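J.: I have a structure I would like to understand better, so I am pasting it below and will then ask my questions one at a time.
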Amino acid sequence: MLRILRNKKTAKKIWIGLAVIIVPAFALWGFGGASRDRQEASVAGKIFGKNISNLEFRDSLSAVRTMAIMQFGDKLPEIEKYLNLEGQAWERLILLHEAKMRRINVKDKEVVEAIQNAPYFQDKGGFSNKIYQEALRYVLRLQARIFEEQTRQNLALAKLYNQITQNVKLNDGQIRQEYVKTNQELNIYYIASLFSDFAKTIKPTDQEISSYFQQNKAMFKEPPSENKPTRIPDLAEIKDKVKDALINETAKEIAQKKINECAEKLKQTEFSQAASSCGLKNGVTDFFKSNGTIENLGGVQIFWDNAKKLKDKELSSVISNDQGYYIIKLKSLKPIDENKFLKEKESFSQGLLSAKKNERFTEFIDQLKKKAQ
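For the sequence shown, the numbering used here begins at 3 and goes up steadily by one.
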């Protein structure tokens, strides 16, 4: 179909070389053909009420794997376990179904141009048929017609992406607001009631551990596995785990009680004095942006969001994260560099728009997946 990309002399050499492998394979095919037909006709799953055969699913899995190879190259074996290629294969089938319902078509010319312009198949003179054929044979391990069909599908999905995200726009106010959030720095005074500070002082007795286990057995239920059903282990098997859970829960209760006590004292007492009288840590942070972490306090997002709302000398309500409870007060706020903003505005807005479009498309995928189930 796309012979424009295939040099006949190169193709002839490839087929002569493969003939030694392909011809003997037909003998083996005869023995395995019947079972293969049954496997390909069997159902892998169902989307939008339509059965998806094992063959259709394997084709989709091959396509997402091809994209992963082209994206990650030699590093793919190291990170493949994190990619959930099977999940991506199902998403691809769902999106291709949607593209078909929307009558999205891709012409042969578009496929040719996409492959010829792909950076993977270029040499100094532009598109290289030799590199293309070698990449298909040795890297992607695909026939040209299969890769070209995958490319056609990828282009259809790109058109679907453009349709879904075409109305995502940004105005100057939104760009500035996000730039400030990303680049502005502030610092805060804080009072911290940390779980870890109280956990190290808690020494539960065996009777307390046993009582906690009896009251919270469901927390320690083990999921079923191939060799055993769902079960709740005996206390002797998981005593340390139960002890840690009891300590953590007790520490959180103490920490919450202490920060509430401090909040009451702050109505009449100065910031650091109130903290000291309740036995809580207090201090001032270095300047930070809306991402990253603050040493000993954890992620900064909750502190940044709350501090931005505070007026001068105003105290926050009690806030919390996975490390403890806090009361904060804004110390100072650095304005952004206006000249730097003007220089970076265009590139920043492009990145922000791309992120917003991806967010919109992710929402669209989630909605489609619910309909497809």
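We put the CB at the ideal spot given by N, CA and C, even for glycine.
As the structure is a prediction and not an experimental result, all values here were calculated from the model.
Should residue 275 go down as buried or exposed, given a rule of 16 or more other Cβ atoms within 10 Å for buried?
T.: Numbered from its first residue, the sequence shown carries residue 275 at position 273. So residue 275 counts as exposed.
J.: Between which two residues does the beta strand (DSSP E) harbouring residue 194 extend?
T.: Position 192 of the sequence shown, counting from 1, holds the residue named residue 194. Segment 187-196, the beta strand (DSSP E) holding residue 194.
J.: Could you compute how far the alpha carbon of residue 177 sits from the alpha carbon of residue 316?
T.: Taking the first residue of the sequence shown as 1, we reach residue 177 at position 175. Taking the first residue of the sequence shown as 1, we reach residue 316 at position 314. Cα to Cα, the separation comes out at about 28 Å.
J.: Return the chain-ordered list of same chain residues with a C-beta closer than 6 Å to the C-beta of residue 10, the five sequence neighbours on each side being excluded.
T.: Locating residue 10 in the sequence shown gives position 8, where the first residue counts as 1. Residue placement at residue 10 is flagged as unreliable, the pLDDT there being 37, under the threshold of 50; the coordinate-derived value follows with that caveat. Excluding residues within five positions, none has a Cβ falling inside 6 Å.
J.: May I have the straight-line CA-CA distance separating residue 1 from residue 289, to the nearest angstrom?
T.: The structure shown does not extend to residue 1, since the chain is modelled only from 3 through 375, so no value can be given for it.
J.: Residue 199 by DSSP, collapsed to three states: which one?
T.: As a working mapping, residue 199 is identified with position 197 in the sequence shown. Helix at residue 199.
J.: Starting from the N-terminal side, write out each stretch of the alpha helix (DSSP H) that is 4 residues or longer and does not extend beyond the stretch 283-319.
T.: Runs of the alpha helix (DSSP H) inside the stretch 283-319: 303-311.
J.: Report all residues from its chain with a CB closer than 8 Å to the CB of residue 312; omit the five preceding and five following residues, and keep chain order.
T.: In the sequence shown, counting from the first residue as 1, residue 312 sits at position 310. Once the five neighbours on either side are set aside, the close Cβ partners of residue 312 are 318, 330, 331 and 332.
J.: Take the Cβ of residue 157 as the centre, count every other Cβ of all protein chains shown within 10 Å, and call the residue buried at 16 or more, exposed below.
T.: Translated into positions along the sequence shown, residue 157 becomes position 155. Buried: at least 16 other Cβ atoms inside 10 Å.
J.: Enumerate in chain order the residues of its own chain whose CB-to-CB distance from residue 358 is below 6 Å, with the five nearest sequence positions on each side excluded.
T.: Residue mapping note: residue 358 aligns to position 356 of the sequence shown, counting from 1. Only 170 meet the Cβ criterion.
J.: For residue 2 and residue 321, I'd like the C-alpha separation in whole angstroms.
T.: Because the chain here runs from 3 to 375, residue 2 falls outside it and cannot be looked at.
J.: Could I get the ranges of all uninterrupted beta strand (DSSP E) runs contained in the stretch 29-112, with 3 residues as the minimum, in chain order?
T.: Whole beta strand (DSSP E) segments, 3+ residues: 45-49 and 52-55.
J.: Quick one: residues in its chain with C-beta nearer than 8 Å to the C-beta of residue 303, no 5 flanking neighbours on either side, listed in chain order?
T.: For the purposes of this step, residue 303 is taken as residue 301 along the sequence shown, with counting starting at 1. Taken in chain order, the residues that qualify are 292 and 293.
J.: So for residue 205, helix, strand or coil by DSSP?
T.: Your numbering for residue 205 matches position 203 in the sequence shown. If DSSP states are grouped into helix, strand and coil, residue 205 belongs with coil.
J.: Which same chain residues, not among the five before or five after residue 231, have their C-beta less than 6 Å away from its C-beta?
T.: The residue given as residue 231 occupies position 229 in the sequence shown. There are no such residues.
J.: Quick one: any contact between the stretch 190-206 and the stretch 276-286, if contact means 3 or more CB pairs under 8 Å?
T.: Verdict: yes, contact present.
J.: What are the boundary residues of the alpha helix (DSSP H) that residue 353 is part of?
T.: Position 351 of the sequence shown, counted from the start, is the residue given in the question as residue 353. Start and end: 340-374.
J.: Could you check if residue 233 is buried or exposed, using at least 16 other CB atoms within 10 Å of its CB as the buried criterion?
T.: In the sequence shown, the residue the question calls residue 233 occupies position 231. Classification of residue 233: exposed, given that the 10 Å Cβ count is below 16.
J.: Can you grab the Cα-Cα spacing for the pair residue 372 / residue 299, in whole Å?
T.: Taking the first residue of the sequence shown as 1, we reach residue 372 at position 370. Taking the first residue of the sequence shown as 1, we reach residue 299 at position 297. Whole-angstrom Cα-Cα distance: 38 Å.
J.: Taking the beta carbon of residue 109 as the centre, do at least 16 other beta carbons fall within 10 Å, making it buried, or is it exposed?
T.: Mapped onto the sequence shown, residue 109 falls at position 107. Residue 109 is exposed by the Cβ-count criterion.
J.: If the criterion is Cβ atoms closer than 8 Å, does the pair residue 94 and residue 55 meet it?
T.: If you number the sequence shown from 1, residue 94 lands on position 92. If you number the sequence shown from 1, residue 55 lands on position 53. The answer is no: Cβ separation not under 8 Å.
J.: Determine whether the beta carbon atoms of residue 363 and residue 163 lie at a separation below 8 Å.
T.: Position 361 of the sequence shown, counting from 1, holds the residue named residue 363. Position 161 of the sequence shown, counting from 1, holds the residue named residue 163. Cβ distance < 8 Å, so residue 363 and residue 163 count as in contact.
J.: Distance check for residue 235 and residue 219, CA to CA, integer angstroms please.
T.: Indexing the sequence shown from 1 puts residue 219 at position 217. Indexing the sequence shown from 1 puts residue 235 at position 233. Going from the Cα of residue 219 to the Cα of residue 235 covers about 9 Å.
J.: Are the CB atoms of residue 98 and residue 70 nearer to each other than 8 Å?
T.: Here residue 98 corresponds to residue number 96 of the sequence shown, with the count starting at 1. Here residue 70 corresponds to residue number 68 of the sequence shown, with the count starting at 1. Contact flag unset, no.
J.: With 16 as the cutoff for other CB atoms within 10 Å, does residue 104 come out buried or exposed?
T.: On the sequence shown, residue 104 is found 102 positions in, with the first residue counted as 1. Under this definition residue 104 is an exposed residue.
J.: For residue 260, is the classification buried or exposed, using 16 other Cβ atoms within 10 angstroms of its Cβ as the cut-off for buried?
T.: Against the sequence shown, residue 260 aligns to sequence position 258. Label assigned to residue 260: buried.
J.: Closest to residue 92 by C-alpha separation, out of 141, 121, 187 and 48, would be which residue?
T.: By 1-based counting over the sequence shown, the position of residue 92 is 90. When only C-alpha atoms are compared, the closest one is 48.
J.: Let me know the secondary structure DSSP gives residue 229 once reduced to three states.
T.: Along the sequence shown, read from residue 1 onward, the residue named residue 229 stands at position 227. Coil at residue 229, not helix or strand.
J.: List the endpoints of the continuous alpha helix (DSSP H) containing residue 163.
T.: By 1-based counting over the sequence shown, the position of residue 163 is 161. Its alpha helix (DSSP H) spans residues 146-167.
J.: Write down the C-beta distance between residue 116 and residue 153 rounded to the nearest angstrom, noting that I regard them as a contact closer than 8 Å.
T.: One-based indexing of the sequence shown puts residue 116 at position 114. One-based indexing of the sequence shown puts residue 153 at position 151. Yes, they are in contact, since the Cβ atoms of residue 116 and residue 153 sit about 6 Å apart, within 8 Å.
J.: Distance, Cα to Cα, residue 75 vs residue 143?
T.: On the sequence shown, position 73 is the one that residue 75 refers to. On the sequence shown, position 141 is the one that residue 143 refers to. Roughly 13 Å separates the two Cα atoms.
J.: For the pair the stretch 237-250 and the stretch 195-209, tell me if three or more CB-CB distances fall below 8 Å.
T.: Yes, they touch.
J.: Quick test of your reading: residue 122 and residue 137, contact by CB under 8 Å. State the CB separation rounded to the nearest angstrom.
T.: As a first step, residue 122 must be located in the sequence shown, where it is residue number 120. As a first step, residue 137 must be located in the sequence shown, where it is residue number 135. With 8 Å as the limit, residue 122 and residue 137 qualify as a contact, their Cβ atoms being about 6 Å apart.
J.: Whole angstroms are fine: how far does the CA of residue 182 sit from the CA of residue 285?
T.: Counting from 1 along the sequence shown, the entry for residue 285 is found at position 283. Counting from 1 along the sequence shown, the entry for residue 182 is found at position 180. If I take the Cα positions, the gap works out to 25 Å.
J.: List the endpoints of the continuous beta strand (DSSP E) containing residue 333.
T.: Position 331 of the sequence shown, counted from the start, is the residue given in the question as residue 333. Per DSSP, residue 333 belongs to the beta strand (DSSP E) from 326-336.
J.: What does a CB cutoff of less than 7 Å around residue 65 pick up in its chain, not counting 5 residues either side in sequence?
T.: Counting from 1 along the sequence shown, the entry for residue 65 is found at position 63. Excluding residues within five positions, the ones whose Cβ falls inside 7 Å are 94, 152 and 155.
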